[in-house]
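Going by the working numbering, the first residue of the sequence shown is number 19, and it counts up by one from there. Data first, discussion second: the structure below is written as C-alpha cells.
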Amino acid sequence: MMEENPSCRSQDFGKFEIVDRDGAARIGKIHTNHGILTTPTLLPVVNPNILTVEPREMWDKFGFRALITNSYVIWKHEKLRKQALEEGVHELLNFPGVIMTDSGTFQSYVYGDVEVGIEEIVEFQRDIGVDIGTMLDVFGRPDMTREEIEDAVDITAKRASASLSAAGEKLLLNGPIQGGTHQDLRVESSSKMAASEVDGKRFSIHPIGGIVPLMEAQRYSDLFSVILSSMSALPSDRPVHIFGCGHPMLFPLCIALGADLFDSAAYALFAKDGRILSEEGTHRIDSAVEWPVSSRYLEDYTPKEVREMDKKSRTALLARHNLEVTQRELSRCREAIRNGSIWNLAERRSHASPHLRKAFKQIIQTIKEDSELPSRRRMESIISSTDPVRPSSEPFSEDASKRPHIIHAGMLLEKRWRLPGSWWDGSTGPPSSVVILHGSHPPWRTAYGSVVAEILQNEPKTAIFVNTPLGLIPYSLEDLSPWCRIEGSDDSIADDLNLTESYIRLDRLGLDKTPLEYRMASDSDVMMRNEIREWLDRCSTVDRLAILCGVKPSDGCQITDGMNVRRSKTGRPVNVLADDRHLFSPRLNDGGISLALEGAKALHSLMDTRSPLGFSNHQANSLQTHPGIARVTIHSDAIPFVGAGRNVMHGFVIGADEWITVGQPCLIVDESGDLIAHGNSNSTMHEMSVLSKGVAVRVREGALP
Numbered sequence: 019m020m021e022e023n024p025s026c027r028s029q030d031f032g033k034f035e036i037v038d039r040d041g042a043a044r045i046g047k048i049h050t051n052h053g054i055l056t057t058p059t060l061l062p063v064v065n066p067n068i069l070t071v072e073p074r075e076m077w078d079k080f081g082f083r084a085l086i087t088n089s090y091v092i093w094k095h096e097k098l099r100k101q102a103l104e105e106g107v108h109e110l111l112n113f114p115g116v117i118m119t120d121s122g123t124f125q126s127y128v129y130g131d132v133e134v135g136i137e138e139i140v141e142f143q144r145d146i147g148v149d150i151g152t153m154l155d156v157f158g159r160p161d162m163t164r165e166e167i168e169d170a171v172d173i174t175a176k177r178a179s180a181s182l183s184a185a186g187e188k189l190l191l192n193g194p195i196q197g198g199t200h201q202d203l204r205v206e207s208s209s210k211m212a213a214s215e216v217d218g219k220r221f222s223i224h225p226i227g228g229i230v231p232l233m234e235a236q237r238y239s240d241l242f243s244v245i246l247s248s249m250s251a252l253p254s255d256r257p258v259h260i261f262g263c264g265h266p267m268l269f270p271l272c273i274a275l276g277a278d279l280f281d282s283a284a285y286a287l288f289a290k291d292g293r294i295l296s297e298e299g300t301h302r303i304d305s306a307v308e309w310p311v312s313s314r315y316l317e318d319y320t321p322k323e324v325r326e327m328d329k330k331s332r333t334a335l336l337a338r339h340n341l342e343v344t345q346r347e348l349s350r351c352r353e354a355i356r357n358g359s360i361w362n363l364a365e366r367r368s369h370a371s372p373h374l375r376k377a378f379k380q381i382i383q384t385i386k387e388d389s390e391l392p393s394r395r396r397m398e399s400i401i402s403s404t405d406p407v408r409p410s411s412e413p414f415s416e417d418a419s420k421r422p423h424i425i426h427a428g429m430l431l432e433k434r435w436r437l438p439g440s441w442w443d444g445s446t447g448p449p450s451s452v453v454i455l456h457g458s459h460p461p462w463r464t465a466y467g468s469v470v471a472e473i474l475q476n477e478p479k480t481a482i483f484v485n486t487p488l489g490l491i492p493y494s495l496e497d498l499s500p501w502c503r504i505e506g507s508d509d510s511i512a513d514d515l516n517l518t519e520s521y522i523r524l525d526r527l528g529l530d531k532t533p534l535e536y537r538m539a540s541d542s543d544v545m546m547r548n549e550i551r552e553w554l555d556r557c558s559t560v561d562r563l564a565i566l567c568g569v570k571p572s573d574g575c576q577i578t579d580g581m582n583v584r585r586s587k588t589g590r591p592v593n594v595l596a597d598d599r600h601l602f603s604p605r606l607n608d609g610g611i612s613l614a615l616e617g618a619k620a621l622h623s624l625m626d627t628r629s630p631l632g633f634s635n636h637q638a639n640s641l642q643t644h645p646g647i648a649r650v651t652i653h654s655d656a657i658p659f660v661g662a663g664r665n666v667m668h669g670f671v672i673g674a675d676e677w678i679t680v681g682q683p684c685l686i687v688d689e690s691g692d693l694i695a696h697g698n699s700n701s702t703m704h705e706m707s708v709l710s711k712g713v714a715v716r717v718r719e720g721a722l723p
C-alpha cells in the first residue's frame with residue numbers, strides 16, 4: 019500500500035495562496051487533498067500505458083509534487099478503468115502527490131471525436147480520486163474560422179454548469195479558456211468561465227487551452243498575446259495553467275506574465291526522438307560530439323555512447339535529463355521571483371530564439387501602444403502590480419528601461435513629482451534654470467555632490483536633474499532604486515545624453531520652457547553648506563512621500579517642518595525626526611522610505627476622506643496624482659491581532675484604496691477610519707478583494723496600546 023501525502027487543512031481545501039511575488043509572477047500554494055502544491059511548477063504528462071519514467075521516481079528523485087495523466091485514456095482501457103475505480107488513481111500510478119487529469123479534449127484535437135459524455139468524464143475523475151480534474155471543453159484550433167472559435171467558446175461555457183455539478187465537493191476542477199488567437203474571444207471565454215458557479219462551487223484553476231499548435235509552429239507572439247488577453251479577465255485567486263507548455267526556454271516569460279502551472283510530455287517525446295532540452299533551446303544528439311548542456315544523467319556518457327544504446331535505454335536516459343533541466347529552470351524562476359529578477363531572466367531567455375526574441379519585443383511594444391486591447395490592459399496591470407523600488411542591482415541592457423518595475427517607477431515620478439515649494443534660501447517661485455548632470459556613474463551623490471553645492475550656492479532657484487541610463491531624475495531622488503542601482507560597464511552607464519528622452523520627461527514635468535544647461539562632474543572643492551544639505555534632505559523626504567505614498571507635497575512639507583535627521587557614518591540620512599518624534603527612515607539599501615509609528619500617525623491625520631469600505635469595480639489605478647497614503651480597512655475580528663503587530667491576512671480585508679502600491683507603505687484602519695497599524699502592502703486592491711488566504715499586508719508596527 020502506497021503511503022499517503024498529507025492532505026491540506028480542511029478549511030484551506032481548494033484555496034490558492036500567494037507567498038511571494040515579483041509583479042504578476044508569484045510563488046503560490048494550491049491546497050489539495052494530496053498536499054500543498056507550490057507554484058510555479060510543471061506537471062509531467064504520464065501515460066499509464068507507456069511509463070518512460072516511473073511516477074514514483076518523479077516524486078523521489080526529481081521532486082515533482084504533481085503530475086497530469088489522461089482520464090479519457092484510463093476510462094477507455096478496461097483494465098486501467100477497473101483498477102482505478104477499485105484502488106484509486108494514486109495507487110494505479112504509484113504516486114503520492116497531486117494528480118491532475120485531462121478529459122480527452124486534446125485527444126479530440128489529435129485523433130478526432132471522443133466517445134465519453136460531458137458529465138460522465140467528470141464523474142469518472144471524481145470517482146477515481148483525482149485531485150484536480152478537467153471538464154470536457156472544445157479545442158479551438160488556430161486554423162478554425164472565427165465562427166467555429168465562437169462556437170468552441172460558447173459550447174465550452176455552456177458545459178461549465180453540468181461539469182461543476184458532476185465534480186462534487188472533493189474534486190477541484192479546471193475551467194479551460196478557449197478563443198483561438200482572437201483577443202476578444204479569449205476575454206469572453208475567461209469572463210464566462212470565471213463567473214461559472216453551481217451551489218457555491220467554482221472552477222479552481224483556469225488552463226489556457228488551444229495553444230499547442232502555436233508552440234509547435236513557434237508562433238510565440240501569438241502565444242503570449244493569447245496568454246495576456248486570457249489573463250486580463252481572470253481573477254487573481256485562481257492559478258493559471260498554460261496547457262501543453264513544457265519547454266524550459268518559455269518558462270521565465272510565461273511566469274513573468276502570471277503563469278502558475280505548466281504540463282508537457284516533451285520530456286519523453288523529445289527523448290524518444292533523440293532530442294534534449296536546455297534552458298536555451300532543443301538540441302539533437304545525432305551529430306553531437308560533446309554535450310551542449312549538463313545534467314547528472316549525461317555526465318557519465320558521451321553523445322556517441324548514448325547514440326549506441328538501445329532505443330529504450332536511450333529514451334529513458336534522455337527523458338531523465340529533460341526532467342532535470344525542467345526542474346532546474348523552474349527552481350531558477352522561483353528564485354528569480356524571490357529576488358525580484360524574473361523579468362531580467364525572461365530578457366536573457368528571449369535571446370535563445372529569434373521567434374522568442376520577436377515575441378518579447380512585441381510585448382514591450384504592447385506597453386507603448388495607445389490601445390484598448392486586452393493584452394495592453396493586462397500589461398498595465400502587470401506594471402501597476404510591481405514594486406517600483408527594490409534593493410537588488412539593475413543589470414543594464416538595451417531592454418532595461420522597459421522592465422515593468424522601472425516603467426512603474428518612471429510613471430510615478432512623472433505623475434507625482436513637483437518642484438519644491440520654496441528654495442534653500444527661502445525664496446519662492448519657478449526655477450530660473452534646469453541643470454542636467456551627466457557623464458558619470460552611480461553613486462550620484464559621490465559623483466556630483468560638489469558640483470551640486472556649487473550650482474545651488476550660485477543660484478538657489480535651480481532645478482537639478484541627473485541623467486541616468488534609465489531616464490532623467492531629480493537630484494533629490496539620486497539614491498532611489500532603480501535609478502541608483504544600475505550595474506554595467508562605466509562607459510555604458512556614463513553614455514551620452516539621450517536628448518529626446520530628456521526633453522520628453524522635462525515636458526511631462528512642466529519644465530520644457532525653463533532655460534536648460536548641462537554640467538558634468540568636476541573637481542570643484544566647494545563644500546555643501548548646512549542650509550543646502552538640510553534643504554535637500556527635506557526635499558528628498560517630501561519627494562519620496564509624494565512618489566511612493568501619494569502624499570501631497572504641501573502635506574509632506576507640513577509634517578516635515580522643522581525636521582532634522584540622524585545620519586550614518588557615511589553621512590546618509592537614516593532617521594527623519596520632528597520635535598524628537600521619529601517619523602520616517604530613509605532606507606540605505608534601496609533609497610525607499612519606511613514609516614515609523616509617529617510618521618504613520620502624522621500621515622493618518624492628513625486624511626480627510628472616509629476609510630475605504632468595499633472595493634472599486636474598475637481596474638485598480640495606482641497612478642492617481644496625490645490621493646494620500648493608501649489605506650486598508652480590516653474586519654473587527656482582526657483588530658486586536660493587527661493592532662498588536664500581526665500581519666493582515668486575506669479574508670479579513672473589507673476595503674482598500676485602489677491606488678495601493680505593492681511593496682510600499684500603507685495604513686491599516688478600522689471601519690471608522692481609526693489607525694490600527696501600518697505596514698507594507700503585499701497585494702493589489704483587486705487581490706485583496708478575492709484572495710482568502712495568505713498575507714495581504716506585512717505589518718511593521720501596531721498602533722494599539
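Yeah, the Cβ is synthetic: ideal placement off N, Cα and C, and Gly gets one too.
In the DSSP annotation of this structure, the continuous segment of the alpha helix (DSSP H) that includes C272 starts and ends at F269 to A274. Contact annotation: the region 495 to 507 touches the region 459 to 467, with at least three C-beta pairs closer than 8 Å.
Setting aside the 5 residues that flank it on each side, I167 is surrounded in the same chain by G158, Q196, G197, G198, H200 and L203, each with a C-beta closer than 8 Å to its C-beta; the list follows chain order.
Taking each of P270, E308, S121 and S451 in turn and checking the Cα distance to G528, the smallest one comes out for S451. A straight line joining the alpha-carbon of S183 with that of S331 spans about 45 Å. V107 is positioned such that its CB atom lies closer than 9 Å to that of T119. Around the beta carbon of G115, a 10 Å sphere encloses 16 or more other beta carbons of the protein chains shown; the residue is thus reported as buried. About 4 Å separates the CB atoms of E35 and K711; that is less than 8 Å, so the two are in contact. DSSP places L431 in no beta strand (DSSP E) but in the uninterrupted alpha helix (DSSP H) bounded by P422 to R434.
Two segments are said to touch when three or more pairs of C-beta atoms, one from each, lie closer than 8 Å; by this definition the region 593 to 602 does not touch the region 703 to 723. For the set D543, G691 and V583, the Cα lying nearest the Cα of L624 is the one of G691. Apart from sequence neighbours up to five positions away, the residues of its chain that approach V407 with a beta-carbon distance below 6 Å are S499, D608 and G610, ordered along the chain. At a Cβ-Cβ threshold of 9 Å, L601 and A614 count as neighbours. The region 257 to 276 and the region 357 to 376 touch, with three or more beta-carbon pairs separated by less than 8 Å.
Contact between the region 564 to 575 and the region 674 to 687 is present, with at least three C-beta pairs closer than 8 Å. Within its own chain, the residues whose Cβ lies closer than 6 Å to the Cβ of E387, once the five positions on either side in sequence are excluded, are R394, listed in chain order. In this structure the region 429 to 447 lies against the region 548 to 561, because at least three pairs of beta carbons, one per stretch, are closer than 8 Å.
In the DSSP annotation of this structure, the continuous segment of the alpha helix (DSSP H) that includes N340 starts and ends at K329 to R356. Counting other Cβ atoms within 10 Å of its Cβ, H369 stays below 16 and is therefore classed as exposed.
With fewer than 16 other beta carbons inside 10 angstroms of its own, S612 counts as exposed. In this structure, S540 places its C-beta atom within 9 Å of the C-beta atom of E472.
Secondary-structure assignment with DSSP links M667 through a beta bridge to V713. Looking at the DSSP output, A84 sits in a beta bridge with V116. When DSSP assignments are scanned along the region 454 to 503, the uninterrupted stretches of alpha helix (DSSP H) that are 4 or more residues long and fall wholly within it turn out to be 462 to 476. Going by beta carbons, A695 and G669 fall outside the 9 Å limit. Here M249 is buried, its C-beta having at least 16 other C-beta atoms within 10 Å.
When only Cα atoms are considered, R537 and P492 end up about 14 Å apart. Apart from sequence neighbours up to five positions away, the residues of its chain that approach A284 with a beta-carbon distance below 8 Å are G264, H265, L295 and N340, ordered along the chain. Taking a C-beta distance under 9 Å as the contact criterion, A178 and S121 do not qualify as a contact pair. Contact annotation: I54 and I48 have beta-carbon atoms nearer than 9 Å. At a Cβ-Cβ threshold of 9 Å, H373 and R237 count as neighbours. Per DSSP, N593 is one residue of the beta strand (DSSP E) stretching across P591 to A596. With 16 or more other Cβ atoms inside 10 Å of its own Cβ, G227 counts as buried. R523 and S403 have their C-alpha atoms spaced approximately 23 Å apart.
With a contact defined as Cβ atoms closer than 8 Å, S208 and L252 qualify at about 5 Å. Between I150 and S254 the beta-carbon gap is near 19 Å, outside 8 Å, which marks them as no contact.
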